[in-house]
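Engineer:
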Amino acid sequence: MYNNEIRTVNMTRYVTPLREGGSLPAIVEADDGFDYVIKFRGAGQGVKALIAELIGGEMARQIGLNMPELVFIHLVDTFSKSEGDEEIQDLLKFSEGLNLGMSYLSGAITYDPLVSIADPLAASKVVLLDSIITNIDRTHRNTNLLNWNKALWVIDHGASLYFHHSWNGWEDHAKRTFPMIKDHVLLSKATKLDEANNLLKELLTPDIIEGIVSLLPEDWLSDPSIDASIEERRKVYTTLLNTRISNLDQLTKEAKNAR
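Structure representation (structure tokens):
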């Protein structure tokens, strides 16, 4: 069973927006004394981006990739009242409650495929993970990778699991391959796909996936527009991920052909 717990902290100060992100993430301080990059529930894709972020991030951690600690960040509406920027003011107002934060890696630099180094096994793990979670946002244009302390770190999985933006037809989505893997920034360095395949099968068991999905807060899964209970929605995520992992040989073959 997956035994990683997600801590909950309270935001104490809004430091600065990170305007390179379309959803206006920001650096904030929390009451545990640390800085975090916060992803707001009131941003464009709402809690669905946070769901994808948590699932993708914790799956990355489980398979041994470097992934900053994720925390739930509780935000109260008082912060919006002292913010001068109207766009940020609205974002803070609509993000009251539980948001998702990622430890801020001070001094980290964006991965550059022309000069940065990526271990072949780590690159292969990232490629197959992104095939499983259908992450469309790890390309040369936007790598969503960092180099920190001479190591590769994965960040930002919010564009994954895009089936849940329409929800209908998730069964078909679970069985599909992922042709967009041909555009993956690490594909050329993913020379150990077979080894990564075996490792992911060993580490991403049904119990592990169930444990990761169980971390999702109930209010993130509450959606009156979808005719499904919270537990039914949780089961969809679990079933979809387990189905895609069971098809990992096919996803691996697709990635190898794309190379």
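Residue numbers for the sequence shown follow the UniProt record's numbering, beginning at 1 and rising by one. We treat Cβ as the ideally placed atom computed from N, Cα and C, and that holds for glycine.
1. Can the beta-carbon of F163 be found closer than 8 Å to that of W170?
2. In chain order, what residues of the same chain have a beta carbon less than 7 Å from the beta carbon of D31, not counting five sequence neighbours either side?
3. Per DSSP, which residues does E29 bridge with? Please list them.
4. Would you report the Cα separation of I178 and S116, rounded to the nearest angstrom?
5. Are there three or more Cβ pairs, one per stretch, closer than 8 Å when the region 138-155 is compared with the region 211-226?
6. Quick one: any contact between the region 124-134 and the region 106-115, if contact means 3 or more CB pairs under 8 Å?
7. Excluding sequence positions up to five away, which residues of its chain have a Cβ less than 7 Å from the Cβ of residue 298?
8. Here's the rule: buried if 16 or more other CB atoms are within 10 angstroms of the residue's CB, otherwise exposed. What is N242?
9. Within 8 Å, do at least three Cβ pairs link the region 89-100 to the region 31-44?
10. Quick one: complete alpha helix (DSSP H) runs, 4+ long, within the region 104-163?
11. Where do the N-terminal and C-terminal ends of the beta strand (DSSP E) with I55 fall, by residue?
12. May I ask you to report which of helix, strand or coil DSSP gives M180?
13. Return the CA-CA distance between T78 and R7, expressed in angstroms with no decimal places.
14. Who are the Cβ neighbours of A108 in its own chain at under 6 Å, not counting the five residues just before and after it?
15. Output needed for E195: all residues of its chain with C-beta closer than 8 Å, excluding positions within five of it in sequence on either side, in chain order.
16. So what's R233 in DSSP terms, helix, strand or just coil?
17. For D183, does the count of other Cβ atoms within 10 angstroms reach 16, so buried, or fall short, so exposed?
18. Are I230 and L240 touching if we call contact CB-CB under 8 Å?
19. Kindly give me the distance between the Cβ atoms of S103 and F34, rounded to whole angstroms, as I take these residues to be in contact under 8 Å.
20. Return the CA-CA distance between G258 and L54, expressed in angstroms with no decimal places.
21. To the nearest angstrom, how far is it from the Cα of residue 313 to the Cα of H157?
22. Apart from the five residues on each side of it in sequence, which residues of its chain come closer than 6 Å, Cβ to Cβ, to T191?
23. Do L129 and N197 have their beta-carbon atoms positioned less than 8 Å apart in this structure?
24. With V213 as the anchor, note down where its beta strand (DSSP E) starts and where it stops.
25. Can you give me the Cβ contacts of residue 332 inside the same chain, cut-off strictly under 8 Å, excluding the 5 residues immediately before and after it?
26. Please identify the residue among T238, H74, I181 whose C-alpha is closest to the C-alpha of A52.
27. Would you tell me roughly how many angstroms separate the C-alpha atoms of Y36 and E58, rounded to the nearest one?
28. Buried or exposed for R233, please, with buried defined as at least 16 other CB atoms from any protein chain shown within 10 angstroms of its CB.
Structural biologist: Checking against the coordinates, here is how it stands:
1. yes
2. Cβ neighbours of D31 within its own chain (closer than 7 Å, five residues either side excluded): V9, N10, T12.
3. Per DSSP, R13, D35.
4. One detail in the question is off: residue 178 reads as Phe in this sequence, not Ile. Answer to the nearest angstrom: the Cα atoms are 26 Å apart.
5. no
6. no
7. No statement about residue 298 is possible, as the shown extent of the chain runs from 1 to 259 and does not include it.
8. buried
9. yes
10. 120-132
11. Careful: I55 lies outside any beta strand (DSSP E), inside the alpha helix (DSSP H) at 46-62.
12. helix
13. 22 Å
14. The beta carbon of A108 sits closer than 6 Å to those of L146, W148, all from its chain and outside the five residues before and after it, given in chain order.
15. Cβ contact annotation for E195 (same chain, cutoff 8 Å, sequence separation greater than five): L121, S124, in chain order.
16. helix
17. exposed
18. The answer is no: Cβ separation not under 8 Å.
19. 7 Å
20. It is worth fixing the name first, because residue 258 is Ala in this sequence and not Gly. Looking at the two C-alpha atoms, the distance is approximately 28 Å.
21. Since the first and last residues shown for the chain are 1 and 259, residue 313 lies out of range.
22. P120
23. Going by beta carbons, N197 and L129 fall outside the 8 Å limit.
24. It is not in any beta strand (DSSP E) - V213 instead sits in the alpha helix (DSSP H) that spans 206-213.
25. The requested residue 332 is not part of the displayed model; the chain covers only 1 to 259.
26. T238
27. 17 Å
28. buried
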